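*Asks:*
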Amino acid sequence: MLKLNGTGASGALAAGKVKILHRYEPGVSHTISEDTDAELERFEAAKKKTLLDIDADYKKVLENSDEEIAEIFGMHALMTEDKEFNSHIKDVLYSMKTNAEYAVFITGKKFAERFSSMDDDYMQARAADVQDIVKRLIKNLTGSKNTIQEFSHKAIIAADDLTPSETVALPKDKILAFVTENGSVNSHTAILARSMGIAAVVGVGNKFLENLNDDDIITVDGYSGEVVISPDEEFLKEFNEKQQNEAIQKDLLYDLKGKETITLDGMGIKLFANIGSAEDADEALKNDAEGIGLFRSEFLFLDSNNAPDEQKQFEAYKSVLEKMQGKKVIIRTLDIGADKQPEFIKLTPEENPALGIRGIRASFLHKDIFKIQLRALYRASVFGRLGIMFPMITDETEVTEALDICKEVRQELLQEGISFDENTEHGIMIETPAAAIMSDRLAPLVDFFSVGTNDLLQYTLACDRQNSSISHIYKRNEPVIRLIKTAADNAHKNGKWIGICGELAADTELTKKFLEMGIDELSAAPSYILPLRKKIRNLSL
Ligand code: PEP
Ligand code: MG
Numbered sequence: 067m068l069k070l071n072g073t074g075a076s077g078a079l080a081a082g083k084v085k086i087l088h089r090y091e092p093g094v095s096h097t098i099s100e101d102t103d104a105e106l107e108r109f110e111a112a113k114k115k116t117l118l119d120i121d122a123d124y125k126k127v128l129e130n131s132d133e134e135i136a137e138i139f140g141m142h143a144l145m146t147e148d149k150e151f152n153s154h155i156k157d158v159l160y161s162m163k164t165n166a167e168y169a170v171f172i173t174g175k176k177f178a179e180r181f182s183s184m185d186d187d188y189m190q191a192r193a194a195d196v197q198d199i200v201k202r203l204i205k206n207l208t209g210s211k212n213t214i215q216e217f218s219h220k221a222i223i224a225a226d227d228l229t230p231s232e233t234v235a236l237p238k239d240k241i242l243a244f245v246t247e248n249g250s251v252n253s254h255t256a257i258l259a260r261s262m263g264i265a266a267v268v269g270v271g272n273k274f275l276e277n278l279n280d281d282d283i284i285t286v287d288g289y290s291g292e293v294v295i296s297p298d299e300e301f302l303k304e305f306n307e308k309q310q311n312e313a314i315q316k317d318l319l320y321d322l323k324g325k326e327t328i329t330l331d332g333m334g335i336k337l338f339a340n341i342g343s344a345e346d347a348d349e350a351l352k353n354d355a356e357g358i359g360l361f362r363s364e365f366l367f368l369d370s371n372n373a374p375d376e377q378k379q380f381e382a383y384k385s386v387l388e389k390m391q392g393k394k395v396i397i398r399t400l401d402i403g404a405d406k407q408p409e410f411i412k413l414t415p416e417e418n419p420a421l422g423i424r425g426i427r428a429s430f431l432h433k434d435i436f437k438i439q440l441r442a443l444y445r446a447s448v449f450g451r452l453g454i455m456f457p458m459i460t461d462e463t464e465v466t467e468a469l470d471i472c473k474e475v476r477q478e479l480l481q482e483g484i485s486f487d488e489n490t491e492h493g494i495m496i497e498t499p500a501a502a503i504m505s506d507r508l509a510p511l512v513d514f515f516s517v518g519t520n521d522l523l524q525y526t527l528a529c530d531r532q533n534s535s536i537s538h539i540y541k542r543n544e545p546v547i548r549l550i551k552t553a554a555d556n557a558h559k560n561g562k563w564i565g566i567c568g569e570l571a572a573d574t575e576l577t578k579k580f581l582e583m584g585i586d587e588l589s590a591a592p593s594y595i596l597p598l599r600k601k602i603r604n605l606s607l
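Here the sequence shown is numbered in my numbering, starting from 67 and rising by one per residue.
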C-alpha cells in the first residue's frame, strides 16, 4: 500500500482498477507483417496525410507573414519526400517484414543520428526536424490523434498530465476518476472532471506512475487529494464505507430537487449548470439545474480532426435545447486557443498563448468557422430558449463586430427561408479585467453578462491558472470580487442580467457576497447545484 498526496480537483470518491494513459509519443510496437505491400500502402497513405498536415501548417504560418518559420515546414515537406529516406523505409519493410510504424521509426532514428553526429551546428539541429516528421508519420499511421486508448472495463485514468483534447477523446462512460502527476485544479481537465461529476486528483508527483501498473487497484479522494495505490483490506473497507456515506449525502441533497432557490429572507437567485457536451445536459437535469449557464461548445470538437460541420453542431445544440425544455441555454461560441488547442485549426504557435489568439479573437481570424457555428446556433434556436455568448471580450469594438457578424448570418438565413428565434439573447463573458472595467460601455450593447472567474482571476492576478506552483496567488479573490461588483452594478444600471459561470460560482464561502451584489444567476458543474441550493436556503442577507 502506498499513500500519495496531490490536490483534490473534483470532489468525489472512487476506487477501482487503474488504466495508465501513455500520452501520445510515438512509442512504436514492432510487429511482423506478411503483407509487405499492404504496409507500404499504409505508409504511402500516411505520407500523403503528413504532407497535407505540413502544408496546412505552412499556409497558416504564411498567413501571418512569418516566412522564416514557413520555410521550416517547406523543408519538412521536402524531407518527407526525400528519396533516400523513402527508399530506406521501403528497404526495412521488405527486408525485415515489419509493420510500417517500425520501418518509419528505425529509419527516422538512423537519419536523426546521422544529422546529430555532424560537426556543423546547423546540420545537427536538423535531427529534431527528422524526429518531428517521424512523429507526424507515426501519428498518421496509427490514426491516433493524441493518446492511445483502448478500454475493456471502467477504470481510473492515470497520466502524467492531460490536455483538454486528450481528455475529451476518452470514452466518458468508462472513466471512474482522473489522477495526474502534474496539472492544476483550474485546468480544463479538472473542470471537465467536475462537469462529469467524477473524482479527480492532480499534482500527485512523479512517484505515482513509477509505482503503478495497469489494473492495480487504487483509491482516489477528490476532496482531500489522497491517492492510495494497492490499499490493504482494512483501508479499502473504510474507504468503501466513506463512499456509501457520500452516496447517502447525495441522496439527501436530492430531496432539494424541485425546491426554490431562495434565501431565508426571500432573495432568489437562479442556479444553472455548466456543461461540455449534449450528454452533460442529463446530469444538469438530474441535479435540477434551472438552465444551462455555460455550454463550452469547443469541448464538442477538441478531439476532432475536422472543422466542426454545421449539421453536427446544429444537432448538438438542438439536443441540449430540447432536453432543457424551454429553460434558458447559454451556448458560448468556440473558445479555442491557450490550453485548448484543437486538431481542426492549426493555430500558430505563440509565445504567450493565454494572451494571444483565443476566444473571440480566433473566431474573427477564422470567420468562416465562426459563421458556421452561428448558423448552427440560430437554426437550433427555435427548439428552446437560446443565449449566444462571446468569450474573451476586451472592448466594445469586439462586441459590435461579433454582433454584426451575427446580423449577417441572420440575414443569410432569412434569404434562405430558414427560421430562427428572434428573441435569441446575445451576451458576453466578463473574463478580462478590461471588460469588467469597461462594463458600463459594454452593457448597453448586449442582453447579459456572465463572469468567467477562471480567466478573470488569471488575468487580474497575472497568475497562470494552469501553474500549480503559484496556486496560492490564484486564491486571492478580492480584486476579482471588486471587478464583479463593478460589472454587476453596470449590468443592472442598464437593465441587463448578470451571471457567474467560472469556478468561483460554486464556492459557498462567496455565495452570500454574490447574493448581496444582486448577481442574478450562478452557473456551476451539475454536482454543485444542490449543495449551492442548500447553502442559499439557509442564508439570510
Ligand atoms: C472562465 O474563464 O471562468 C470560464 C468560465 O471559461 P473557461 O474556464 O472555459 O476559460
Ligand atoms: Mg475563460
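Beta carbons are placed, not taken as given, at the ideal position from N, Cα and C, and that holds for glycine.
From a predicted model like this one, the values you see are computed outputs, not experimental measurements.
1) CA-CA distance, residue 602 and residue 355?
2) For residue 403, count the other beta carbons within 10 Å of its own beta carbon; 16 or more makes it buried, fewer makes it exposed. Which is it?
3) At the level of alpha carbons, what is the spacing between residue 609 and residue 114?
4) Report the partner residues of residue 287 according to the DSSP bridge assignment.
5) Around the Cβ of residue 331, are there at least 16 other Cβ atoms within 10 angstroms (buried) or fewer (exposed)?
6) Can you give the Cα-Cα distance for residue 382 and residue 421, rounded to whole angstroms?
7) Could you tell me the distance, in whole angstroms, from the CA atom of residue 144 to the CA atom of residue 136?
8) Distance check for residue 509 and residue 468, CA to CA, integer angstroms please.
9) Can residue 597 and residue 339 be called in contact, C-beta distance under 8 Å?
10) Cβ of residue 430 within 8 Å of Cβ of residue 373?
11) Compute the distance between the beta-carbons of residue 173 and residue 99, then report whether it is under 8 Å.
12) Just to confirm, are residue 587 and residue 359 a CB contact at a threshold of 8 Å?
13) Please tell me whether residue 107 has its Cβ less than 8 Å away from any Cβ of chain D.
14) Assuming residue 207 and residue 167 form a contact by the criterion Cβ under 8 Å, report the distance between their Cβ atoms to the nearest whole angstrom.
15) Should residue 241 be counted as a contact of the ligand PEP given a C-beta to heavy atom distance under 7 Å?
16) CA-CA distance, residue 440 and residue 335?
17) State the start and end residues of the unbroken beta strand (DSSP E) segment that holds residue 516.
18) When the Cα of residue 324 is compared with those of 352, 311, 205, which residue comes out closest?
19) Going by CA-CA distance only, name the one from 435, 450, 155 that's closest to residue 475.
20) For the alpha helix (DSSP H) that contains residue 170, what are its first and last residues?
21) Who are the Cβ neighbours of residue 196 in its own chain at under 6 Å, not counting the five residues just before and after it?
22) Which residues in the same chain have their Cβ closer than 8 Å to the Cβ of residue 293, if we skip the five residues on either side of it in sequence?
23) Pick from 111, 112, 155, 140: whose alpha carbon is nearest that of residue 125?
24) Exposed or buried, what is residue 480 when buried is set at 16 or more other beta-carbons lying within 10 Å of its beta-carbon?
25) Note down, in chain order, each residue of its chain lying with its Cβ closer than 8 Å to the Cβ of residue 158, except the 5 sequence neighbours on either side.
26) Any idea what DSSP makes of residue 213, helix, strand or coil?
27) By Cβ distance below 7 Å, which residues in the same chain neighbour residue 460 in space, the five residues on each side in sequence not counted?
*Replies:* Taking the coordinates as given:
1) What you label residue 602 is simply residue 536 of the sequence shown in a count that begins at 1. What you label residue 355 is simply residue 289 of the sequence shown in a count that begins at 1. Spanning the two alpha carbons is a distance of roughly 15 Å.
2) Stepping through the sequence shown from its first residue, residue 403 is reached at position 337. Residue 403 is buried by the Cβ-count criterion.
3) Any answer about residue 609 is impossible in this case: the structure gives the chain only from 67 up to 607.
4) One-based indexing of the sequence shown puts residue 287 at position 221. Per DSSP, 79.
5) Taking the first residue of the sequence shown as position 1, residue 331 is located at position 265. Result: exposed.
6) The count along the sequence shown starts at 1 and reaches residue 382 at position 316. The count along the sequence shown starts at 1 and reaches residue 421 at position 355. Each residue's alpha carbon lies about 30 Å from the other.
7) The residue labelled residue 144 in the question sits at position 78 within the sequence shown. The residue labelled residue 136 in the question sits at position 70 within the sequence shown. Per the coordinates, the alpha-carbon of residue 144 lies some 13 Å from the alpha-carbon of residue 136.
8) Residue 468 sits at position 402 when you count from the first residue of the sequence shown. Residue 509 sits at position 443 when you count from the first residue of the sequence shown. Roughly 15 Å separates the two Cα atoms.
9) For the purposes of this step, residue 597 is taken as residue 531 along the sequence shown, with counting starting at 1. For the purposes of this step, residue 339 is taken as residue 273 along the sequence shown, with counting starting at 1. Not a contact, by the Cβ cut-off of 8 Å.
10) Position 364 of the sequence shown holds residue 430. Position 307 of the sequence shown holds residue 373. Annotated as distal: residue 430 and residue 373, with beta-carbon spacing of 8 Å or more.
11) In the sequence shown, the residue the question calls residue 173 occupies position 107. In the sequence shown, the residue the question calls residue 99 occupies position 33. The Cβ atoms of residue 173 and residue 99 lie no closer than 8 Å to each other.
12) Counted from its first residue, the sequence shown places residue 587 at position 521. Counted from its first residue, the sequence shown places residue 359 at position 293. Yes.
13) Of the chains in the structure shown, none is chain D; there is only one protein chain.
14) As a position in the sequence shown, residue 207 is number 141, starting the count at 1. As a position in the sequence shown, residue 167 is number 101, starting the count at 1. Correct: roughly 5 Å between the Cβ atoms.
15) Along the sequence shown, read from residue 1 onward, the residue named residue 241 stands at position 175. False, no ligand heavy atom lies under 7 Å from that Cβ.
16) Reading the sequence shown from its first residue, position 374 is the one you call residue 440. Reading the sequence shown from its first residue, position 269 is the one you call residue 335. If I take the Cα positions, the gap works out to 29 Å.
17) What you label residue 516 is simply residue 450 of the sequence shown in a count that begins at 1. Counting along the chain, the beta strand (DSSP E) containing residue 516 begins and ends at 514–517.
18) For this step, residue 324 is matched to residue 258 along the sequence shown. The residue with the shortest Cα to Cα distance from residue 324 is 352.
19) Start at 1 with the first residue of the sequence shown, and residue 475 comes out as number 409. For residue 475, the nearest C-alpha among the options comes from 435.
20) Sequence index remark: in the sequence shown, residue 170 carries index 104 (1-based). It spans 166–182 - the alpha helix (DSSP H) in which residue 170 sits, taken as one unbroken run.
21) Taking the sequence shown and counting its residues from 1, the one referred to as residue 196 is at position 130. Counting only Cβ-Cβ distances below 6 Å, and skipping sequence neighbours, we find 174, 177, 178.
22) Your numbering for residue 293 matches position 227 in the sequence shown. Result list for residue 293: 69, 70, 71, 72, 245, 267, 270, 274, 284, 285, 286, 287, in chain order.
23) One-based indexing of the sequence shown puts residue 125 at position 59. Residue 125 has its Cα closest to that of 140, out of 111, 112, 155, 140.
24) Indexing the sequence shown from 1 puts residue 480 at position 414. By the 10 Å Cβ count, residue 480 comes out exposed.
25) The count along the sequence shown starts at 1 and reaches residue 158 at position 92. Result list for residue 158: 164, 168, 169, 172, 173, in chain order.
26) Position 147 of the sequence shown, counted from the first residue, corresponds to residue 213. Residue placement at residue 213 is flagged as unreliable, the pLDDT there being 47, under the threshold of 50; a coordinate-derived value is accordingly withheld.
27) For the purposes of this step, residue 460 is identified with residue 394 of the sequence shown, where counting begins at 1. For residue 460, where only same-chain residues beyond five positions count, the Cβ hits under 7 Å are 498, 500, 501.
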